[in-house]
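Have a look at the structure below before the remarks.
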Amino acid sequence: MSYRSLRACVEDLERHGQLRRIDAEVDPALELAEIQRRLYRAGGPALYFSQVRGTDFPVLCNLFGTLERAHFIFRDTLEAVRRLVELKVDPAAFWRAPFRYWKTPFTALSMLPRAVRSGPVLAHTTTLSALPQIKSWPDDGGPFITLPQVYTQDPERPSLMTGNLGMYRIQLAGNDYEAEREVGLHYQIHRGIGVHHSAALRRGESLPVNVFVGGPPAMTLSAVMPLPEGLSELTFAGALGGRRVPMATPPPSASQPLPLHAEADFCLVGSIDPRRQKPEGPFGDHLGYYSLRHDFPVMRVDAVYHRPGAIWPFTVVGRPPQEDTTFGALIHELTGPVIPTVVPGVRAVHAVDATGVHPLLLALGSERYTPYADSSRPAELLTQAHALLGQGQISLAKYLFIASEADAPALDIGDVRGFFEHLLARFEPSRDLHFHTRTTIDTLDYTGDAINEGSKLVIAALGPPRRQLSSELPTDLALPAGLSEPRLCLPGVLAVRARAASAERGAERAWLAELCAQLGSTPALAAWPLVVLCDDSEQCARSLDNFLWITFTRSDPARDVHGAGAEVVDKHWGCRLPLVIDARIKPHHAPPLCEDPEVSRRVDALAAPGGPLHGLF
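All letters in the sequence shown, in the order written, are residues 688 to 1304 by this note's numbering.
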């Protein structure tokens, strides 16, 4: 539906039984977050909290708690956006079926943001401390805005059509921030705001920043859309929202000239000095671990505006799946068909949500250039893999597994279990492992040597199966010293409990080399091409999601992928089976997220019979 405001969306959801109002007082410190996590797991409704301790503003959570609700929210516009995507893939489709696309020009018109003199968001002012101070995890450095829409423009070419709207987390208080005047602004590598930040640095001037909270749901989803650089997310928000995005002129008293989203619920207005940073964090993040304290830009806040009846939306990030899983599913629905037009030969990609999206990317490609050759050696697949690693946020992929669609035309890229079986039966470890070392990885990933630093691994598989994968634990398996409790994760994949990891990297390398040599000479492992070393093999094998999360969030390819008989030939690393991934928690890793037992007991009481949350989860 084409909502003009967040409140219009809330009222519509309530009319259709998809939102509940909670009038009991709740605590923004940990309690709200735990309610949201449980609500999401249960597939519950959106909740509107009218009484939140320490603030006069109502709070909204779980707005995108189910994919079905997201489809309902955008029910009148999703099809129009799909039509636009179809024409992007095949412009000639318009002339073949003009009646199918008769609404497309109107959708295109809605993509043009419009300048307005004022708007509801400018009606009132407040302070940072009056906003809901929501803290999600016990060791978070303070309260955060978890659904911010951070808006900047290129200082050298300011324009509504090229501005950047991104979801970069905002720390409202804590650490060394000046109360009521400063907030932390954390953005990850390869984000659009970085281009504007660099331009301001070159010019030696501050970068104006506006942080919108709330407003029509289309703005929230647009802030996480992986659009091409230079294309404003405001254009996508207009198409998805069914109306042009109104951007208001700042009042005469404003400290900077950056437009404000007129229909936002809140707007923090300020700027960052590109040369000035302060420690930000820790923060419980979407990989399921804390991102630790690091220096990040500081936003000087000059004013906080809000509309009448403003609502504060929030979410919680943590180990997947969480509410941002819905964002990923919607993004895949809308952008998946475009991938073949961006990287020729690539048929489909799937960022695996269970790993936190960036650690593991699956892809289906094709071998088109040598149809006369009878070969199982990947060639064009490697070109496609490396092209993918150069595409925007896809470039953050740490492990990229690619297979040929022709080898299994019915293989579903979303069937992670089936894809693993396909790849593990076909790859050749002496040839098909391609490492990128000492490169950039996700800012939130602590498996590498330092923040933003780590490695990548491409594994390509082509041709008929090379081996049969076993689905039964070997009865005659004798494990080397330091390993115990083997468990079956998937056909061909064993998890084994290993001794605790040490900070002595030299000793660890020697132990792992000896371990791999012994595993490589163990006949019982012939049908097990992948062995995962972990701290708790039972936990790792308990579910597919556990295997994916533990294996790919606790390993850096260059440091943690090993194999028997490893050697470097012409600078190419290869080995014999089994391939060994060391997914133990290392001393330099960030700690995993855990809930506070006392808060859990309080939420249990709220959900008990007679409590305000009874029956919701």
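Every residue, glycine too, gets a C-beta built ideally from N, C-alpha and C.
A quick note: this is a predicted structure, and the numbers were derived from the prediction, not measured.
{"query": "Under 7 Å, Cβ to Cβ, is there at least one residue of chain D near Y788?", "result": "Absent from the structure is chain D; it holds one protein chain and no more."}
{"query": "Over what stretch of residues does the beta strand (DSSP E) that includes M934 continue unbroken?", "result": "933-935"}
{"query": "Note down, in chain order, each residue of its chain lying with its Cβ closer than 8 Å to the Cβ of I1138, except the 5 sequence neighbours on either side.", "result": "H981, T1130"}
{"query": "To the nearest angstrom, how far is it from the Cα of P1173 to the Cα of T1209?", "result": "14 Å"}
{"query": "What does the Cβ neighbour count give for A1197, buried or exposed, with the cut at 16 atoms within 10 Å?", "result": "exposed"}
{"query": "With a threshold of 16 other CB atoms inside 10 Å of the CB of S909, please say whether the residue is buried or exposed.", "result": "buried"}
{"query": "State the start and end residues of the unbroken beta strand (DSSP E) segment that holds P1265.", "result": "1259-1269"}
{"query": "So within the stretch 1079-1107, which uninterrupted beta strand (DSSP E) runs reach at least 3 residues, ignoring any that extend past its ends?", "result": "1086-1091"}
{"query": "Out of curiosity, what's the CA-to-CA distance linking F736 and I1018?", "result": "28 Å"}
{"query": "Do you know how far the Cα of L1149 is from the Cα of P1065?", "result": "6 Å"}
{"query": "Looking at C-alpha atoms only, which residue of H973, L700, P1007, L1264 is the closest neighbour of R1154?", "result": "L1264"}
{"query": "Cβ of A1211 within 7 Å of Cβ of K1273?", "result": "no"}
{"query": "Would you mind sorting E916 into buried or exposed? The rule is 16 or more other CB atoms within 10 Å of its CB.", "result": "exposed"}
{"query": "If we call anything under 7 Å between Cβ atoms a contact, is W1215 one with G1252?", "result": "no"}
{"query": "Relative to the C-alpha of V951, which candidate in H1249, R963, G902 has its C-alpha closest?", "result": "In the sequence on display, residue 951 carries Ala and not Val. Nearest C-alpha to A951: G902."}
{"query": "My guess is that R1271 and D1232 are in contact by the Cβ rule of under 8 Å, so how many angstroms apart are they, rounded?", "result": "Wrong, their Cβ atoms sit about 19 Å apart, outside the cutoff."}
{"query": "Thinking C-alpha only, which one of C1281, L1202, A1295 is nearest H1249?", "result": "L1202"}
{"query": "What is the DSSP secondary structure of C696, reduced to helix, strand or coil?", "result": "helix"}
{"query": "Assess contact between the stretch 855-867 and the stretch 881-895, defined as three or more Cβ pairs (one per stretch) separated by less than 8 Å. Is contact present?", "result": "no"}
{"query": "Do the stretch 805-821 and the stretch 939-954 make contact, defined as three or more Cβ pairs closer than 8 Å?", "result": "yes"}
{"query": "In chain order, what are the residue ranges of uninterrupted beta strand (DSSP E) at least 3 long that sit wholly in the stretch 966-1000?", "result": "981-993"}
{"query": "Which residue or residues does DSSP assign as beta-bridge partners of Q836?", "result": "F899"}
{"query": "What does the alpha-carbon distance come out to for the pair Q1078 and A1147?", "result": "18 Å"}
{"query": "For L734 and H1259, what's the separation of their Cα atoms in angstroms?", "result": "54 Å"}
{"query": "Suppose you measure from the CA of L1076 to the CA of R1184; what does that come to, to the nearest Å?", "result": "33 Å"}
{"query": "Within 10 Å of its beta-carbon, does S1091 have 16 or more other beta-carbons around it, so buried, or fewer, so exposed?", "result": "buried"}
{"query": "Quick check: what's the CA-CA separation for R691 versus F953?", "result": "15 Å"}
{"query": "Per the DSSP calculation, L851 is bridged to which residue(s)?", "result": "Note on identity: in this sequence residue 851 is Asn, with Leu being the wrong assignment. Paired residues: T839."}
{"query": "For E766, count neighbouring Cβ atoms within 10 angstroms of its own Cβ and tell me buried if that reaches 16, exposed if not.", "result": "exposed"}
{"query": "With 16 other CB atoms within 10 Å as the buried threshold, where does K1085 fall?", "result": "buried"}
{"query": "Along the chain, where does the beta strand (DSSP E) containing S1142 start, and where does it finish?", "result": "1140-1148"}
{"query": "In this structure, what does DSSP give as the bridge partners for C1221?", "result": "R1184"}
{"query": "Considering only DSSP beta bridges, list what V746 is partnered with.", "result": "F736, W999"}
{"query": "Taking the alpha-carbon of L1083 as reference, which of L1098, R1104, T1127 has the nearest alpha-carbon?", "result": "T1127"}
{"query": "Determine the contact status of E869 and V956, defining contact as a CB-CB distance below 7 Å.", "result": "no"}
{"query": "Which residue comes first and which comes last in the beta strand (DSSP E) that contains A1035?", "result": "1035-1038"}
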